[in-house]
């Protein structure tokens, strides 16, 4: 109910002054135990589906929040889970369908009859090396939940720049709306790609590499410092972040 | 001429084998003196207009490259210029129209009869404080060159979160495609905004603040570490970068 | 015995010159084995109760110091303990009451008949996410030992700023003296809160998040760089520090 | 007007539905030109008086905002000003009273007949060295604007720890509510002080020192890493931040 | 044999030209397998006894080098050893005497009949907290090997500065030549001590503490940035380094 | 087939226009499953043999790529492998010959009858300490695959600079083309060596050392900041990088 | 005179024992005033000509050392000079020939009749942007002094990767021994180039760019973290370092 | 007067109880204006003479403090002064003798008839390059004030390690008690020296060098990370710190 509607109902006497005050204050939040507040309207407001960032939550908390969400929504994504989370959430397998990423670092849980509707736009995902694939999968997982198709091209590194041309041509034929380019180590690939295409590029630094600039730092820094334009960046290993903004972009562009 | 066309002309005998080889190798680069290579096809390829990053170039070099570009293109943007650049490029004022940013840290030089065509999409720009305005203007300048309208709402800080609601409502009515949110110091504004809107947000950290995390570091870090989704980031003071990616996003695919 | 009293006793001959010298030098320190000095007057002097920072001490040392303290004081807090400490201190359970935090990373040990007197002031604690709860509990634990009531509101993140308004109103009704605001990742919440309330706010950065600015660095930086006033900060995961200063603030001077 | 009052007026017909909607949305913001939004209710809401952070604003912008504020409020503080700001704001000297800090890095501008009411609490300020005085003065300036008395003790360094005892005793007699301790270089003073007093201590790191940890970094780090409790910290050179939180604490404690 | 002696022998015909050349080149190095060069004259040249930095060496390598050294020297110190090293070197227990530090992170192996001669000077070691003891023991171990007596005073923190006075007085009576002051967290103790004594102080930062400046960084920075003079510093956890330089100082001063 | 050859075949009718277009686009890449692209011509193009950076790849992926490569090439190097990789690749032992580094952190797999041809140049490798040996072995392994002989001199530290002279003389006699100097901790050795020889020196920082500048940071920084010329640097623990560039240098141009 | 020769002369009685001792100790160092030691044999020993790093030396000191060197050698290079140095050294123009870099940040001073012999090998230098040219010139200047020809190709950035192919082909025809690739900002160019050529590549990071990773940090990090092999790196703006190692490599390879 | 004496006088009735209390509290501090506290007994207590760290103090403050000190002491050292300080303190030239360092970055002011007594020990100072000389002079200046002779050997770099041997031999003949070794850039010299001598070495990093590790960071890090023992370190450009600790070391205990 919008503010206008509440006021009209108040004037018409449908609701009392107290109720009006209440509703105007109401923030559509539902409690999970006493440790979490579930924001019922977020998806409506922002277009972002339900995601539970699990790394620093106990398996029990993750389980409880996931269950609460699934009472209201058909699907939820659990990001950055570890073995102990897997053990706990596996209990939900009797009632829901569970889909894990390759190395079980994320999981989508959904109603058994749920099928995501993919009709909003098209995202291309390029990975510089095979080590980037698990994070790229995260991006794909969230993008699909937001209604976008995501096509991955793997292992298109810059040490042999010609490896790049074929995937770029294929992506061009696919009529892609936005590109995610994942790269670790020196992270040069997004710069090179952004200099060759006319669609927005999201740089996704990956925590590979060692020594000075290792664990994704050089990759992040390169992408932010890039001499190419048409490139914005998310944090290191931010597959979810990359997928979400790409999906928002793809939706907008295909309207 | 595309690769296909070159090959067809070769087969039909219109061009010699040598000429075909030459053209396939040709990279459409024009030299400026012996110190710069001007990439004639970049705009066509990437949609990014001509920009000369001037900070570390001598005023003479900036002048020469600008002049060369203006022989081929109707408009060029000079970014991060200083007083000595202004003095040098002012020589172009007899033949061209010059438009500076508020504090003359960038300049657009264009043919006297040039009028940018603004028909591609709409970008909203929110600044957290008045110190962010010069960089926001850069974003607007490049976005317009790429055919997009850009509307700025200034001084919408988070220390008084209610200052935010009115501009957001106004922007909603404007049917904005993408938001740039510029903020220095702690850089919290893009996070708050991204939690309230359903369009893509580009975080633009500004080099304000002092002490630990000053000069934009806290702002950049906050935006990359944001708990809100639908947010991608450019480098500190990257007004050009923010404007360019926003314009690419705002341009509709299926026009 | 005060310096004055010692001198008077010396003049009156009650104590010898040597004894006077000795007592003036005495610093009210008691040895625990040969590895620790227990400062008997600290609580009196500073109002801070006994805390044993355990992380880098051996379980045996923690056990010995705790036992020594409990001979003199009714309660002691063991902070940053690990499994091996838990095993060792559990031996004290026959003689004392042990209260652990949710994930056993801290423990309060007290005389079986000890009841803390809570009559000094009221502290509000807001956590941005469920991952912040364990550290918030630390703050509550020490604040109670210092005689202050502490009320926690959990999971009031900024990605959905309206989640904030209800807890703030509730806290306002509670007549809170000071607020602790715990947040990880980008740490924007304390800034937003400090812009809305007229009581002092203590920012408590939490070591969540990954990549650039992860493990609490972005949170700490944001809070120090905050554009809102009325905010001071403790170190990352400094639940004890936040609780102690908040309790000192909440204690009224002119009772 | 509170939300409740607006609703009551709507029901009683005193205001129209449109007006009610308008007022509920209204955020009490006044525009300064098109580059600043002046938050009329902030002082009421947070107790923080008007401050203009000037460093990254043009002298003209600072002048305009100051003038606008002085139409509504009797006093405004301009922080981190430079020579060019001084030149510009000096124009206000005909109509207002201007008070500068020792080295003109901040200025308070007030109505000629304005006298701050100092009746809210008492703040002690200790500086470790003479280099810390200008920042300490900032803290005093804002604290006074918030109604608190502030007493400064200068040059109480730790390299000669006995220099500390006399000022501490004097402050004790003054019945201080809260202490600000300013220190540069290694920043050890707040730690030592916090181990000796029973009131809250605000650590204020100063940008003195050179080499590794210079410009206040070691001082900030030491204060956050302090082994003493009852200490919270503001950013390097954050005199305004320290004064504002101290005043909020002093007000609360003396009620 | 000195260079002079070699030349004299050459002239007198005692040795051949080839032998002279050989000896002048000779660097008194003995090979251990093909992976280590044992510098036979280092102790003679620098006064530093044999130490094997073990952390990044395999247990087998440590064992071999230790055995080789013990053929030539009566004692060797193995620093930064881990469990797997302990297991390996324990094999030497039949032939040699092994003395470990409290938590077995270092070990001295010596001929069964070896007794270090302690007659060179006196070192005082002060630890700020019980967590600093293991590193302080390293300093003591090497200092004794260099002929110096070392007296440790534990847990003399700055949060309660009066805890410091008694140990300082005791050390004064002992006629100490040099002080090592070990401290973690904010590392303020060496600064305070250096302001009170007239002998050289070696600051020894310890890797305690967490969050910003944790793991000894704040301690190191504070000591280097110290406002007190008469203080020099070794690296974090550098017990061996502190003990070695202190012993060199003590030897010199008591001559 | 070169571009010229393709065009000639097209003109002569040997291949169709489509085939010509295809071949010109072809990038000589072979897919491994859908997760890796194997660049068939890289060795030909750059002289660098096949290396699989294994650290962030799953054992299964490493196995698959290795197998694919060995179908085309006689030898492949797996770098930065861990126990789980060893277990997986050991399955190849029936068909191929496997050679591990000392601590099994890298492995060369080759056809059983393969013998590398060592005829291209000579590389000297000096290690400052025994901890540097495993990384030095990596450099040797890749250099040999590139046809160069590599001679290692171990444990030639700077704390006893005379240890250096004998190995340098021996290397001089060997007619070495280029020197790799590996050092951890303070990394001074490459600077000293570069000041004494007339051949190019490659600095190879090793991740030994602890505290400030530990894990190779001081070593890397020293080498980049070196006051000696004729020195270039690779990343920390970059044995492969050092070996590859050294081999490229050692290979004579005008054979 | 070699050690052998000295010994032979001693035996033959040509020189006395004292003289032999003296000569063996002699280090062929000549004093300049009391503030500099000029190493007469360095060029002979290392092949590196005389360079005076001027930035932190007074103009007078630079002048004196240069003059001393020119008494012994035909040419000297002054690096990182500023205006005040130029003024001072200009006094040498009557007796010597002075050649400055484009923006007078370095200078070669030589005997008026001196002509460098360029016959040792060929170095290619590629700059990513026009801002990199001044540093590239430094590399050329020193390389020529070491007898190598150096060919510069400017403005070959990666944002438009095809700009690269033509210069690479030209360089290939030139039979280059080694490539220096200079790049600022994200520094991706050396990685891309190293993936395409079979000669050694020296990465030369340039201090362009701003914000996170600006002033060459991203460039340096990218090059060290590069996924391409055959690449070694010098420090930011290290034109002299790059030129010197490249010349050493070129000399070796063309032998 | 010692505590014992005060007590004896109290007992004997020489002083009253009030006076005794007063004296026991007395901290022998004298005020300079209201901005500085002059610690009259520091020199007696610590052996460190009067030094005024001037960089962040106003010229007027420096002047006032210097004047106050010179009423009580015959000599004072002003460190890190700038031109504006020189101008101000020059006013003291009529009454006192002023001695500046080479580039006027420090100054000793003394009574006209004052002659420092140099009879306490001997310090050697080695500089790696001419750029290190100004800081080395600071060390000499303070050491002399503490009664020690200081002998400087300049420009003894490691790029040509043989330059080192002659100065070391000379120093050996001088019977030096302690060595200060100043070095910028990679800072390798103290490590090499410490491996060759049997006296304590103080590493003094200098802020030369540029790029990664420039401004003394690499030098500091190298010295802390040194593989040689018998070395302790002061902060970058800490000439005063190095001189003070060296003088404390050189002063013999058992004179």
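Protein chains in written order, with our numbering: chain A, 11 to 265; chain B, 11 to 265; chain C, 11 to 265; chain D, 11 to 265; chain E, 11 to 265; chain F, 11 to 265; chain G, 11 to 265; chain H, 11 to 265.
Just so you know, even glycine gets a beta-carbon here, dropped at the ideal spot from N, CA and C.
A quick note: this is a predicted structure, and the numbers were derived from the prediction, not measured.
Fewer than three Cβ pairs drawn from the segment 20 to 33 of chain D and the segment 192 to 211 of chain C lie within less than 8 Å of each other, which leaves the two stretches out of contact. Checking the DSSP bridge columns, you'll see residue 107 (chain C) partnered with C:120. Under DSSP, no beta-bridge partner is assigned to residue 248 (chain C). Per DSSP, the unbroken beta strand (DSSP E) holding residue 86 (chain G) starts and ends at 85 to 89.
Listed along the chain, the chain D residues whose CB falls inside 8 Å of the CB of residue 21 (chain A) are 20, 21 and 27. When the beta-carbon positions are compared, residue 75 (chain E) and residue 116 (chain E) stay at least 8 Å from each other. Using a Cβ-Cβ cut-off of 8 Å, residue 143 (chain D) does not count as an interface residue toward chain E, since no Cβ of chain E sits closer than that to its own. Selection B:219, B:262, B:226 and B:250 evaluated against residue 251 (chain D) yields B:219 as nearest (Cα-Cα).
Closer than 8 Å to the CB of residue 245 (chain B) there is at least one CB belonging to chain A.
Between the alpha carbons of residue 53 (chain E) and residue 248 (chain E) lies a gap of roughly 20 Å. The residues 217, in chain order, have a CB closer than 6 Å to that of residue 225 (chain D) in the same chain once the five nearest residues on each side in sequence are set aside. Only residues of its own chain outside the window of five on either side were considered, and among them 59, 61, 87, 249, 250, 253, 254 and 257 have a CB closer than 8 Å to the CB of residue 152 (chain B), listed in chain order.
With contact defined as three or more Cβ pairs closer than 8 Å, the segment 158 to 176 of chain A and the segment 225 to 245 of chain G are in contact. Taken in chain order, the members of the segment 156 to 181 of chain B whose beta-carbon sits within less than 7 Å of a beta-carbon on chain C are 167, 168, 169, 170 and 171.
DSSP, read as helix, strand or coil, puts residue 183 (chain F) in helix. For the C-beta of residue 104 (chain B), not a single chain A residue is nearer than 8 Å; the gap to the nearest is close to 30 Å. For residue 129 (chain G), same chain residues with a beta-carbon under 8 Å away, outside a window of 5 residues either side, are 157 in chain order.
Taking 8 Å as the CB threshold, residue 192 (chain B) stays off the interface with chain C. Taking C-beta separations shorter than 8 Å and ignoring five residues to either side along the sequence, the partners of residue 140 (chain E) in its chain run 164 and 165, following chain order.
Within the segment 128 to 164 of chain C, the complete alpha helix (DSSP H) segments of 4 residues or longer fall at 143 to 155, listed in chain order.
Taking all protein chains shown into account, residue 104 (chain D) has fewer than 16 neighbouring C-beta atoms within 10 Å of its C-beta and is therefore exposed. Counting only runs of 4 or more residues that sit fully inside the segment 209 to 246 of chain A, the alpha helix (DSSP H) segments are 227 to 234, in chain order.
Per the coordinates, the alpha-carbon of residue 114 (chain E) lies some 21 Å from the alpha-carbon of residue 97 (chain C). For residue 62 (chain H), there is no enclosing alpha helix (DSSP H); the residue is part of the beta strand (DSSP E) that begins and ends at 61 to 63.
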